[in-house]
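Heads up: the sequence shown is residues 10 to 237, going by the working numbering.
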Amino acid sequence: MTIYIVDLEAVDTRYTKEWKEYLPRQLKKHTNREVVNISGGDTPQTTTPGAFLNFGGTNVYKSNQLAKIGQMFCENKIKDGDYFLYTDAWNPTVLQLKYMAELLNVKIKIGGMWHAGSYDPADFLGRIIGDKPWVRKTEESMYETFDHNFFATDFHLKMFCDTFKCTSKVKRVGWPMEYMEHNLDSYKNMTKRDLILYPHRLAPEKQPGIFQDLKDSLSSQYEFVVCQ
10 MTIYIVDLEA VDTRYTKEWK EYLPRQLKKH TNREVVNISG GDTPQTTTPG
60 AFLNFGGTNV YKSNQLAKIG QMFCENKIKD GDYFLYTDAW NPTVLQLKYM
110 AELLNVKIKI GGMWHAGSYD PADFLGRIIG DKPWVRKTEE SMYETFDHNF
160 FATDFHLKMF CDTFKCTSKV KRVGWPMEYM EHNLDSYKNM TKRDLILYPH
210 RLAPEKQPGI FQDLKDSLSS QYEFVVCQ
C-alpha cells in the first residue's frame, strides 16, 4: 500500500509550508508505508487579500495535481489498497480521482481534511457564494466521494453536520501538528515578555475585533502585536 498526499499549496507564512515537509515524515513513521506527495508545482506566494491562498493560483495548482494523478493511472502505478489523503478536502480533483479509480476498477481509499466551506458563514465561500445550489451540491458530492472526512474540532464538525447529513464517514481527529513540540524547544528558556500576539490573517472568521477590544482595554499592561 502506498499513501499519496494530495497537498494544499505551501505558502511560506503558513502551516501549509510545514506540512509539506513534516506530514510525509509523520505518516511514514506511524504507518511504515511508502508515502508519496503529489505537488502541483510552484505556489503563488501572494494570496488573495484576507484569504489563505490565491483564488486563481490554487486552481492552477490543483489542475497540475490532477494531471499527475491521471498520468499515474495511465502508467498503472495506482494499485488496489492505495490511500489518497487530501490535506484540503475542498479540492474538486477528488471527483476525477474517483472517476478514474472506479472505471479502471482500482480499489483505493480516499480521505479529506475539511477546513471550511460554504456551510461556514464566516468563510469566503459562505460570505460570497453562500448556499447557492452549485456549491452545496459540490461539497456534498466531495463529502460522499471521501471514504473518511476528517475534522479538527467538534465545533467545525457540528457546523458541517448542521448543513449536510453526516454518516460514519465523519472522523473528528485533530490536525497533524506533532512536529510543533520539537520546533518550539528553542523558545523554552527565552526571557518572558508580556506580549499578546495576533498570529492570524485579517479575515472576519479570525475575529480581529476581539483582539482590538483586548488591546483597547489592556494596552497599558501588555504589548500587543499583529503578525502579518
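We put the beta carbon where it would ideally sit given N, CA and C, even for glycine.
Please say whether Ile47 and Lys77 have beta carbons closer to each other than 8 Å? Yes, Cβ-Cβ distance for Lys77 and Ile47 is below 8 Å.
By the DSSP assignment, the beta strand (DSSP E) with Tyr13 in it spans what residues? Thr11 to Val15
According to DSSP, is Phe233 part of a helix, a strand, or is it coil? strand
Bridge partners for Gly120 per DSSP, in chain order? Leu94 and His157
Presumed contact (8 Å Cβ cut-off) between Asp89 and Val69, rounded CB distance: Wrong, their Cβ atoms sit about 31 Å apart, outside the cutoff.
Would Val135 pass as a contact of Asp129 if the rule is Cβ separation under 8 Å? Correcting the residue type first, residue 135 is Gly in the shown sequence and not Val. It is a contact, given that the beta carbons lie within the stated cut-off.
Could you check the C-alpha separation between Ile137 and Asp171 for me, to the nearest Å? 20 Å
Cβ neighbours of Leu204 in the same chain (closer than 7 Å, five flanking residues each side left out): Tyr231, Glu232 and Val234.
Lys178 Cβ short of 7 Å to the ligand ZN heavy atom set: Absent from the structure shown: the ligand ZN. Ligands present: none.
Three-pair Cβ contact test at 8 Å for the segment 22-34 versus the segment 181-188: yes
Is Tyr207 helix, strand or coil by DSSP? strand
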